[in-house]
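In UniProt numbering, the protein residues as written are 1 to 272.
Don't be surprised by glycine CBs; every beta carbon is placed ideally from N, CA and C.
Since the structure comes first, as structure tokens, the remarks are kept for the end.
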Amino acid sequence: MLPWHVENEVDDEPRPADFSYLDRVRAEPGAEEVGCECGATCGPACPCAAQHPWGHLYGADGCLVPLQLGIDIDVLLQECGPGCSCRGTCAPPPAHQESPVHIRRIPRKGWGVIADCNIPCGAFVCEYVGERVTTAEAWRRLRDYDAAGRAHALLVFREILPSQTAALRINIDATRQGNVAAFINHRHGGQRVPAAPPSPCSCDGGNLILLAVLPRGCMVPSLRLFARRSIEAGEELTYSYGTPAGGHPSRVQAPCLCGTPACRGFLPRDPA
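Have a look at this one:
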């Protein structure tokens, strides 16, 4: 049973039946580091906030500060979490509350996600939830999906670590189990994930951005979607899946239908 309203006035495609809802990616046991000891309220001197030049991640309205300031984000974000004395409760409640949305059938694209209300720039929309799998398992599943000609929502996320000597890779498969993020289309610059048959996406970046956020005390970051700009109620939510495989259409199986002037013709696909 999906916890979102689903509407289809386009065709006879039934509601997604082989998809199970997950409320979160299950946290892995253990912790690599201890967080702050600020107490119930974290002030400007909080060591977690000191990880970023702009201080705390969230403003009083719960929106992501760097996005509101127009700052390009190319680093792993850190926030207070279970390793802190505040247990991560110092952030304003909206910082972790999903934005209200519903799923709608969209002509030529398939399922997409629509904003139910105005969403301000920097607001948290949802986490990308699914099964966290190893790279070997991700490739095995990708081969199976390709062989079956099945659209999938297997997300591969890479991030260069602050040391600049290693990279973090996270594979989350939301094809069968996940949340509403699995239905968000691409806009290279918003829908499901690389190498699927025609799916809702976009090559101009979309109105959302996917960022890795590491709560102190957790071993693996969560992948979260935030509003890149102000979004109006009724607007389709989209984000960039990445760049099509090296610019070689032969490596990409699915055409992109984002319809933007920046469209590159094909959906992104992880090449390695």
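Determine the closest residue to residue i out of the options, with distance taken between C-alpha atoms.
i	options	result
P120	H152, G62, A136 and R104	G62
A136	L154, G83 and F124	L154
P92	I71, T41 and A45	T41
F124	D23, L210 and F19	L210
L208	R229, N118 and N179	R229
G178	E7, S20 and P3	S20
I231	T175, I73 and N118	N118
A182	I73, D11, I103 and G206	I103
G81	G39, R176, A138 and L22	G39
A174	E131, G83, D11 and G110	E131
R216	G43, C86, D11 and L67	C86
N185	L142, C126 and G112	G112
G43	P53, R140 and C90	C90
Report yes if the C-beta distance between residue i and residue j is below 8 Å; otherwise report no.
i	j	result
V220	I172	no
V101	L237	yes
E98	G88	no
R105	E9	yes
Y239	L225	yes
D158	A147	The sequence shown places Arg at residue 158, not Asp. Result no, Cβ atoms of R158 and A147 do not sit closer than 8 Å.
V25	V133	no
G70	G35	no
G122	L77	no
V213	C126	no
Can you name the start and end residues of the alpha helix (DSSP H) that residue i belongs to?
i	result
R169	Looking at the DSSP string, R169 is not in any alpha helix (DSSP H); the run it does join, the beta strand (DSSP E), is A167 to D173.
A138	T135 to A148
V65	V65 to Q68
Could you spell out the range, first to last residue, of the beta strand (DSSP E) harbouring residue i?
i	result
L208	L208 to P215
Q78	L77 to E79
L22	From DSSP, L22 is part of no beta strand (DSSP E); its letter is neither H nor E.
V113	G110 to A115
A153	Premise fails: A153 is in no beta strand (DSSP E) and is neither H nor E.
V125	F124 to E127
S222	S222 to A227
V101	V101 to I106
Skipping 5 residues on each side, what residues in its chain have a beta carbon closer than 7 Å to that of residue i?
i	result
A27	Model confidence at A27 stands at a pLDDT of 42, short of 50, so the residue's coordinates are unreliable; what they give is reported in the following sentence. So the list reads C218, once near-sequence residues are dropped.
V193	With a pLDDT of 33 at V193, under the threshold of 50, the predicted position of this residue should be treated as unreliable, though the coordinate-derived value follows. Taken in chain order, the residues that qualify are H152, A153, L154, L155 and Y241.
D144	none
D11	R105
H96	F124
Sorted by chain position, which residues of the same chain lie with C-beta nearer than 8 Å to residue i's C-beta, five sequence neighbours on each side aside?
i	result
G234	I114 and A115
P3	Y21
D23	V129 and N179
H5	H102 and I103
E7	H102, I103, R104 and R105
residue 279	With the chain covering 1 to 272 only, the question about residue 279 has no answer from this structure.
Ordered along the chain, which non-local residues of its own chain (more than five positions away) have a Cβ less than 6 Å from that of residue i?
i	result
H56	A49
P29	Legend: pLDDT at P29 = 47, less than 50; position of this residue unreliable, value from coordinates given subsequently. None.
P94	G62
residue 274	Residue 274 cannot be examined here, being either before or after the span of the chain that is shown, 1 to 272.
D72	none
Could you tell me whether the Cβ of residue i comes closer than 8 Å to any Cβ of chain B?
i	result
A147	Checking the listed chains, one finds no chain B in this structure; it contains a single protein chain.
Touching by the beta-carbon criterion (3+ pairs, under 8 Å), the stretch 44-63 and the stretch 12-25: no
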